[in-house]
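Data block below; observations after.
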Amino acid sequence: MTEIKSIYSDADIPKVGLFDFVLPPELDSNHNTAFIDATTGIQLTYSQLRTNALKLAYGLRKFKAITKNDTVLVISPNSLVYPIIFLGTSATGAKVSVANPAYTHLELSHQIKDCKASFIFAHPDNINLTKQILKEIGWSDNKISDRLVTATDKGFNGHKSYTQLLTVQRQFGIPVAFTGEDVHDVALMCYSSGTTGLSKGVMTSHYNLVANITQLAWSRGYTIQKGDTLMSVLLE
Numbered sequence: 010m011t012e013i014k015s016i017y018s019d020a021d022i023p024k025v026g027l028f029d030f031v032l033p034p035e036l037d038s039n040h041n042t043a044f045i046d047a048t049t050g051i052q053l054t055y056s057q058l059r060t061n062a063l064k065l066a067y068g069l070r071k072f073k074a075i076t077k078n079d080t081v082l083v084i085s086p087n088s089l090v091y092p093i094i095f096l097g098t099s100a101t102g103a104k105v106s107v108a109n110p111a112y113t114h115l116e117l118s119h120q121i122k123d124c125k126a127s128f129i130f131a132h133p134d135n136i137n138l139t140k141q142i143l144k145e146i147g148w149s150d151n152k153i154s155d156r157l158v159t160a161t162d163k164g165f166n167g168h169k170s171y172t173q174l175l176t177v178q179r180q181f182g183i184p185v186a187f188t189g190e191d192v193h194d195v196a197l198m199c200y201s202s203g204t205t206g207l208s209k210g211v212m213t214s215h216y217n218l219v220a221n222i223t224q225l226a227w228s229r230g231y232t233i234q235k236g237d238t239l240m241s242v243l244l245e
């Protein structure tokens with residue numbers, strides 16, 4: 010059998026979890042800007058991102074009993090809160106499933122049921138629809154109140170903000186370590202467009218994500234220096 014090799018040399022892909030790869034401990038003292046909200050000008054440093062993500066991880070584990078067996082769904086437009094929630098959830102070892110904030114009732118209901126979401130972060134614009142769906146699939150009012158929170162700094166319609174999970178404790182979480190075969194555990198569940206029917210969940214492992222990041226930089230030979238700014242254009 011003919012073996013076809015890339016023109017690039019093999020990339021060295023570390024076997025670690027996504028959180029440890031993206032936000033290693035040395036970033037605790039890195040006060041350089043990680044994200045800038047172009048609309049408001051608000052900035053988030055690497056240190057703030059790592060600290061808040063670990064605080065969220067601690068809150069999710071201690072007060073919501075989130076474990077590696079859970080799937081946490083996020084439905085929200087782009088914001089500086091998004092990476093905190095995504096990476097904080099990843100640090101617990103749980104799977105993250107991201108949903109389009111423009112989803113219809115049918116589309117969102119399908120994803121919530123299919124990914125078996127046990128905790129949900131939702132933008133206020135998506136709270137009421139999400140709450141309606143959760144009632145339809147059998148969640149009690151108490152469960153909805155406890156496990157549906159806003160993906161913004163303020164609560165909405167009786168639902169608490171994700172920041173409540175940051176402020177109720179003074180300890181940082183310790184990210185779940187992924188080593189050996191654990192790196193092939195699912196980290197992210199995105200859903201396809203569902204061209205031939207309902208959307209399909211695409212399971213992406215920690216190793217997949219780390220490999221994609223590594224390969225992108227390796228193959229292009231990027232020489233990004235500390236202090237450089239990258240512009241990301243994202244669809245709402």
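Residues 10 to 245 in the working numbering are what the sequence shown spells out, letter by letter.
Every residue gets a Cβ at the ideal spot worked out from N, C-alpha and C, and that includes glycine.
Have a look at the options and flag the residue whose alpha-carbon is nearest the alpha-carbon of residue i.
| i | options | result |
| --- | --- | --- |
| alanine 66 | Ser99, Thr80 and Asn78 | Ser99 |
| histidine 193 | Thr48, Ile16, Lys24 and Leu32 | Lys24 |
| aspartate 237 | Thr42, Thr101 and Met10 | Thr42 |
| lysine 163 | Thr54, Leu89, Pro133 and Leu138 | Pro133 |
| lysine 122 | Ala111, Phe130, Lys104 and Ile142 | Ile142 |
| serine 202 | Val90, Ala108 and Tyr17 | Ala108 |
| glutamate 35 | Lys144, Lys152, Tyr55 and Asn78 | Tyr55 |
| serine 106 | Leu27, Asn217, Val211 and Val219 | Val211 |
| alanine 62 | His215, Gly189, Pro33 and Ile153 | Pro33 |
| threonine 161 | Ala111, Val185, Asn221 and Ser88 | Ser88 |
| glutamate 190 | His215, Asn39, Gln173 and Leu174 | His215 |
| alanine 103 | Val83, Leu117, Thr113 and Ser118 | Val83 |
| glutamate 145 | Phe130, His119 and Lys169 | His119 |
When the cut-off is 8 Å and only beta carbons count, does residue i lie next to chain D?
| i | result |
| --- | --- |
| glycine 97 | Absent from the structure is chain D; it holds one protein chain and no more. |
Can you give me the start and stop residues for the alpha helix (DSSP H) that residue i sits inside?
| i | result |
| --- | --- |
| isoleucine 94 | 90 to 101 |
| leucine 32 | First-last for leucine 32: undefined, no H or E at that position. |
| glycine 68 | 55 to 73 |
| leucine 115 | 114 to 124 |
Would you kindly work out how many angstroms separate the C-alpha atoms of residue i and residue j, rounded to a whole number?
| i | j | result |
| --- | --- | --- |
| tryptophan 148 | threonine 11 | 54 Å |
| valine 195 | threonine 60 | 24 Å |
| leucine 115 | leucine 207 | 9 Å |
| cysteine 124 | threonine 80 | 7 Å |
| isoleucine 183 | lysine 64 | 9 Å |
| leucine 157 | histidine 168 | 7 Å |
Between which two residues does the beta strand (DSSP E) carrying residue i extend?
| i | result |
| --- | --- |
| valine 81 | 80 to 84 |
| leucine 157 | 157 to 159 |
| phenylalanine 187 | Here phenylalanine 187 belongs to no beta strand (DSSP E), and DSSP marks it neither H nor E. |
So residue i and residue j are supposed to be a Cβ contact under 8 Å. How far apart are they, rounded?
| i | j | result |
| --- | --- | --- |
| valine 31 | leucine 96 | 7 Å |
| valine 90 | tyrosine 171 | 7 Å |
| glycine 26 | phenylalanine 128 | The Cβ separation is near 19 Å, so there is no contact. |
I'd like to confirm the pairing. Which residues does DSSP put opposite residue i in its beta bridges?
| i | result |
| --- | --- |
| glutamine 52 | Ile45 |
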